[in-house]
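Below: one structure, written as structure tokens.
Numbering (our numbering), first residue to last: 1 to 476.
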């Protein structure tokens, strides 16, 4: 870990309020980990700016002294995206969490990077609008982090991930320069650097503000739950729904392990405990279109041997169904003391095949693997349950990596919304060859010549990070 010089700390202290600079070990402990709890780092300092100008000065100072820096929001990254691998300075956005402008006429909202995802929809709800990307952690996850990992959520199928809802961003380059990408104009000209920024794991620049799309609430929203004897029956149903020309706003799937854990935790989600799998299907839009869509989905579910099909009678019942899905990750404590959640993506038609292979991996390693995921867009979230106290961490990591390999083998990829971070960094060669990775490193160095901006993430070479924080090695 790089020790910070007294000169550096003095200059840093001059940028922010005295209480906004943290250097004591007990103050920095909270930044050792994020949502990926397998790895730990230790920051040299953390600083809480209040303005873009302060962030720019902090970054410029780090660049001058060759000190690594990492932007951090709520720390909900599930790929180790904000772990301080080489010490350095954590730039914490807890104080930059304001909604700055709501432009209903143009369907836009301007927010600071530390703004919680859900607070945007809450802000514009009374005006009949919402912000579409809705990760399970939307209550606390921040827009800056959403951009970093290009986050999605259950409604990705219809409304897209963060990049589809990101119009412009104010960023700080690695030399401290303040720069805007994009504008209120609907068309982007020149190189689409804004899309390059989304999903870059915060390794190219730091986002301080974001201009986002907000969408009018649909006339009608209907949510239904269908239970099945097996995950295979549920998986075939998903493909049949899309093939029938129906575009639900969300199609979520949970297997029996998740159903049991959710019912034990939530108690009132209403999922049938005897089901092998459950689908949540939501259709929104014009009233007549929703009625037609729900009718088609009901027929398809019954044609695929659904045991039970239930359409939420009102908003209260609809929220109960979604509370179970949103609380699924938190309920995993019912199954074991530790878990790793993965994020592979596959073609929808491969769902039955891949789920069967995931259960084979579970049997091979004698570890429970629970499945809850965005079935509509093929974004899997297998949860590998293990007990670190019993020495099961290493085999859980191997099992986790193998779930990604089988996704790649059928034409899929290794992340849909959690990012690469540390966790999947050394698996990038499963997808990209040496020429591809070399080109990515050249892009990184164009934005960040000194490699100080969130080092050790995304790319599998270029520093000693691979030795300090190895991610799983999977045979090709």
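We treat Cβ as the ideally placed atom computed from N, Cα and C, and that holds for glycine.
Check	Outcome
Start and end of the beta strand (DSSP E) containing residue 331?	Looking at the DSSP string, residue 331 is not in any beta strand (DSSP E), and its letter there is neither H nor E.
Could you tell me which of 318, 394, 277 and 138 sits nearest to residue 307, measuring between CA atoms?	277
Is it the case that the region 271 to 288 contacts the region 216 to 230, given that we only count it when at least three CB pairs across the two stretches are under 8 Å?	yes
Determine the closest residue to residue 423 out of 31, 291, 39 and 240, with distance taken between C-alpha atoms.	39
Threshold first: 3 residues or longer. Then list the beta strand (DSSP E) segments lying entirely within the region 26 to 57, N to C.	45 to 47
With a cut-off of 8 Å on the beta carbons, I'd call residue 419 and residue 119 a contact; round off their distance for me.	Their Cβ separation, rounded to whole angstroms, is 22 Å, which puts residue 419 and residue 119 out of contact at 8 Å.
Kindly identify the DSSP beta-bridge partner or partners of residue 308.	227
Answer yes or no: do residue 129 and residue 212 have a C-beta to C-beta separation smaller than 8 Å?	no
What does residue 216 pair with, by DSSP beta-bridge criteria?	129
Please state whether DSSP places residue 301 in a helix, a strand or coil.	helix
Can you check which of these residues, 162, 109, 116 and 328, is closest to residue 127 by C-alpha distance?	109
With 8 Å set as the bound, which would you pick, yes or no: does the beta-carbon of residue 32 sit closer than that to a beta-carbon of chain D?	Looking at the structure shown, chain D is missing, and only one protein chain is on hand.
Residue 116 bridges to which residues according to DSSP?	142
Across which residues does DSSP place residue 361 in a beta bridge pair?	DSSP, once it has assigned bridges, lists no residue as partnering residue 361.
Do residue 361 and residue 403 have their CB atoms nearer than 8 Å?	yes
State the beta-bridge partners of residue 191 as determined by DSSP.	BP columns for residue 191 are empty, so no partner.
Between the Cα of residue 410 and those of 398, 348 and 445, spot the shortest distance and give me the residue it belongs to.	348
Three or more C-beta pairs under 8 Å: does that hold for the region 442 to 454 against the region 64 to 72?	yes
For the region 420 to 439 against the region 20 to 27, are there 3 or more C-beta pairs whose distance is under 8 Å?	no
For the alpha helix (DSSP H) that contains residue 324, what are its first and last residues?	315 to 326
Taking three-plus beta-carbon pairs below 8 Å as touching, is the region 188 to 202 in contact with the region 242 to 262?	no
With 16 as the cutoff for other CB atoms within 10 Å, does residue 5 come out buried or exposed?	exposed
For residue 8, count the other beta carbons within 10 Å of its own beta carbon; 16 or more makes it buried, fewer makes it exposed. Which is it?	buried
Can you give me the Cβ contacts of residue 460 inside the same chain, cut-off strictly under 6 Å, excluding the 5 residues immediately before and after it?	425, 426 and 428
With H, G and I counted as helix, E and B as strand and the rest as coil, what does DSSP make of residue 477?	This structure cannot speak to residue 477, because the chain is shown only from 1 to 476.
By how many angstroms is the C-alpha of residue 179 removed from the C-alpha of residue 99?	20 Å
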